[in-house]
Amino acid sequence: MTIQQLTYFLAALEHGSFSAAAEELHMAQPSLSEQVRRLEAELGVRLFQRGGRGLVVTEAGRRLREHAQRVLDDVEGAREAVAETRELRGGTATFGTWGAARFYPGTQIVADFRRKFPDVRLRLLGLNSADVADAVREGDLEVGMVALPIDDHGLAVQPIMQDELVYASASADALRAPKTILEVAAAPLVLFDASYATEDPTRRQLAAIAQAAGVAIEPQIDVEDVEMAIELAARGLGDTLVSRGIIHSMGRRMPKRLGWVPFAEPVYDTFAFIQRRDARISPASREFLLVAEARLRALAAELEEKPPRSRLPAVA
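For the sequence shown, numbering that gives the first Met the number 0 begins at 0 and goes up steadily by one.
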């Protein structure tokens with residue numbers, strides 16, 4: 000069975016005769032008839048009853064019609080997808096991210112994409128996952144990368160990686176063992192993403208865990224930027240919560256006087272790609288997703304080994 004045979008079969012079905020189908024396809028009628036006969040021979044059934052008044056489709060032909068059309072639609076979709084990639088010489092990829100996404104590894108994703116598609120404009124927008132989810136849902140953005148949980152109404156969500164959350168402090172005494180949620184709730188905390196507070200996915204996750212334990216997490220210092228929270232914690236002004244991915248990305252910029260331990264019951268940020276459910280995205284945005292996915296999966300593999308799940312602060 001070939002694509003060509005299915006094409007000829009559907010044309011004959013639509014036009015009611017081999018001659019009309021051949022004329023539509025700009026080919027000789029005997030060639031078209033022969034291909035349909037070969038298809039019938041392969042399937043072991045008659046697809047048409049031939050008569051003086053033209054072709055009459057059989058029950059087998061009716062059943063084949065839907066499958067044949069689906070195959071041709073899939074082939075056309077594949078051709079379009081490949082052509083769009085081959086011809087990606089312009090357009091704009093618009094991608095939503097949250098503020099700390101620069102650590103995951105945003106600049107490298109951009110560099111990879113620009114090397115492959117130097118003529119495509121790139122717009123990276125967003126400050127928090129909640130905003131990105133709203134923008135994608137409303138059609139202001141095609142796709143985005145978010146931390147879960149979010150309000151996923153109307154969205155297709157593709158989880159891509161997890162990143163473990165750790166408790167960071169300048170006090171070695173605070174880091175003798177993994178932290179329970181009760182200990183975290185009682186600690187003097189410096190948290191970031193202050194403007195989003197309860198809408199921030201990490202805070203939402205922690206709030207749910209704390210509520211289940213009968214406590215609440217209330218920071219003593221609230222800031223916007225994660226690096227400011229880390230610096231304040233390194234100065235001993237409070238303890239903070241940060242992911243191993245951010246620690247890994249900061250590398251030598253991570254203050255030596257700051258150590259960390261995991262949670263007694265591990266807590267993970269889950270990152271995901273989102274788009275409107277059943278919406279088709281542009282070729283440029285689709286290619287950016289593929290580049291981002293490759294980099295993030297590589298990062299997830301790295302985080303299996305480093306940074307360590309715990310570290311004591313350096314002695315001054």
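Ideal Cβ placement from N, Cα and C applies to all residues, glycine included.
Under 8 Å between C-beta atoms of residue i and residue j
i    : j    : result
D221 : L257 : no
L42  : F8   : no
H247 : E292 : no
A155 : Q274 : yes
T337 : A146 : Outside the displayed span of the chain (0 to 315) sits residue 337, for which this structure offers no information.
Q157 : A271 : yes
A169 : G250 : no
V266 : I208 : yes
E223 : D199 : no
S242 : D277 : no
G138 : V131 : no
P104 : L298 : yes
D238 : A185 : no
A99  : I245 : yes
K255 : A167 : no
V119 : I2   : no
R64  : L12  : yes
Q219 : P148 : no
Q4   : Q48  : no
A263 : P177 : yes
L31  : A40  : no
E216 : A232 : The question names Glu, but residue 216 is Ile in the sequence shown. Not closer than 8 Å, so no.
F102 : E286 : no
L46  : T6   : no
One or two residues paired with residue i in a DSSP bridge
i    : result
V56  : F47
G258 : S168
L317 : Lying outside 0 to 315, the shown extent of the chain, residue 317 is not represented and no answer is given.
R188 : The identity of residue 188 in the sequence shown is Leu, whereas the question assumes Arg. Paired residue(s): D238.
A92  : L121
Span of the beta strand (DSSP E), counted from its first residue to its last, around residue i
i    : result
L12  : Element bounds for L12: not the beta strand (DSSP E) but the alpha helix (DSSP H), I2 to H14.
S194 : From DSSP, S194 is part of no beta strand (DSSP E); its letter is neither H nor E.
S309 : Careful: S309 lies outside any beta strand (DSSP E) and carries neither H nor E.
Boundaries (first-last residue) of the alpha helix (DSSP H) holding residue i
i   : result
A40 : Q28 to L42
A21 : F17 to E23
Any chain C beta carbon closer than 8 Å to residue i
i    : result
L289 : Chain labels in this structure do not include chain C; a single protein chain is all it has.
Quiz item: Would you call the region 145-163 and the region 221-228 touching, i.e. three or more CB-CB distances under 8 Å?
Solution: Between the region 145-163 and the region 221-228, the count of Cβ pairs shorter than 8 Å is below three; the stretches do not touch.
Self-check item: Stretch-stretch touch, CB-based, cutoff 8 Å, three pairs: the region 166-185 with the region 200-214
Solution: Contact holds: three or more Cβ-Cβ distances are below 8 Å.
Quiz item: At which residue ranges does the region 267-304 contain complete alpha helix (DSSP H) runs of 4 or more residues, listed in the order of the chain?
Solution: The region 267-304 contains these whole alpha helix (DSSP H) runs: 282-302.
Practice problem: Tell me, please, whether the region 52-60 touches the region 0-18 by the rule of three or more beta-carbon pairs shorter than 8 Å. | Solution: The region 52-60 makes contact with the region 0-18, as at least three CB pairs between them are under 8 Å.
Quiz item: What are the uninterrupted segments assigned as beta strand (DSSP E) that are 3 or more residues long and contained completely in the region 201-236, given in chain order?
Solution: DSSP runs (the beta strand (DSSP E)) wholly in the region 201-236: none.
Practice problem: Tell me the start and end of each unbroken beta strand (DSSP E) in the region 95-165 that is at least 3 residues and wholly inside, in chain order. | Solution: 120-124 and 142-147, all fully within the region 95-165.
Quiz item: Does the region 132-146 come within contact of the region 94-114, defined as at least 3 CB pairs closer than 8 Å?
Solution: Yes: the two stretches touch, three or more of their Cβ pairs being nearer than 8 Å.
Quiz item: Should the region 60-74 be called in touch with the region 96-113, which here means at least 3 C-beta pairs below 8 Å?
Solution: The region 60-74 makes no contact with the region 96-113, as fewer than three CB pairs between them are under 8 Å.
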